[in-house]
Amino acid sequence: MDVDLPFTALADPRRRSIYELLHGAPASVRELTDQLPISQPAVSQHLKVLSAAGLVNSQPQGARRIYTTDPAGLAQLRIWIDSMWEDVLDQSDQAGRRENER
Numbered sequence: 092m093d094v095d096l097p098f099t100a101l102a103d104p105r106r107r108s109i110y111e112l113l114h115g116a117p118a119s120v121r122e123l124t125d126q127l128p129i130s131q132p133a134v135s136q137h138l139k140v141l142s143a144a145g146l147v148n149s150q151p152q153g154a155r156r157i158y159t160t161d162p163a164g165l166a167q168l169r170i171w172i173d174s175m176w177e178d179v180l181d182q183s184d185q186a187g188r189r190e191n192e193r
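Take 92 as the starting number for the sequence shown in this note's numbering and just add one per residue.
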């Protein structure tokens with residue numbers, strides 16, 4: 092499972108802000124630009140990165156595109172984080188058992 096792209100995409104605070112706005116409600120580039128302190132071209136570029144990472148989808152609506160979050164992209168990150176968390180818990184259990192055996 093390749094999680095580098097989504098993690099890299101979300102590492103940027105402006106992309107996280109865009110993702111959080113889209114998580115709340117679908118929006119066009121113009122609507123996002125109105126809510127953020129960055130230019131329309133910058134918002135468009137950030138959306139391209141989020142889309143390439145599988146975190147955002149877009150659908151044409153008239154002359155504009157409406158962007159939404161893609162639950163599958165976030166689910167991929169969750170699966171990876173959950174697997175790491177299970178390893179941490181297993182290691183903690185093993186360390187506790189070793190400590191009790193002393």
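No residue lacks a Cβ here, since even glycine has one placed at the ideal position from N, Cα and C. These figures come from a predicted structure and were not determined experimentally.
Start and end residues, beta strand (DSSP E) containing residue i
| i | result |
| --- | --- |
| S149 | 147-152 |
| I157 | 155-160 |
Assigned exposure category for residue i - 16 Cβ within 10 Å defines buried
| i | result |
| --- | --- |
| P97 | buried |
| A144 | buried |
| D125 | exposed |
| T160 | buried |
| G197 | What is shown of the chain runs 92 to 193, which leaves residue 197 out entirely. |
Where the alpha helix (DSSP H) through residue i begins and ends
| i | result |
| --- | --- |
| A133 | 131-143 |
| P104 | 104-115 |
| Y94 | With the sequence shown as reference, residue 94 is identified as Val, and Tyr is not the correct amino acid for it. Note, V94: premise wrong, no alpha helix (DSSP H); not H, not E. |
| L123 | 120-126 |
Bridge partners - residue i, DSSP secondary structure assignment
| i | result |
| --- | --- |
| A166 | Looking at the DSSP assignment, A166 forms no beta bridge with any residue, so it has no partner. |
Three CB pairs or more closer than 8 Å across the segment 166-177 and the segment 124-138: Too few Cβ pairs lie closer than 8 Å, so no.
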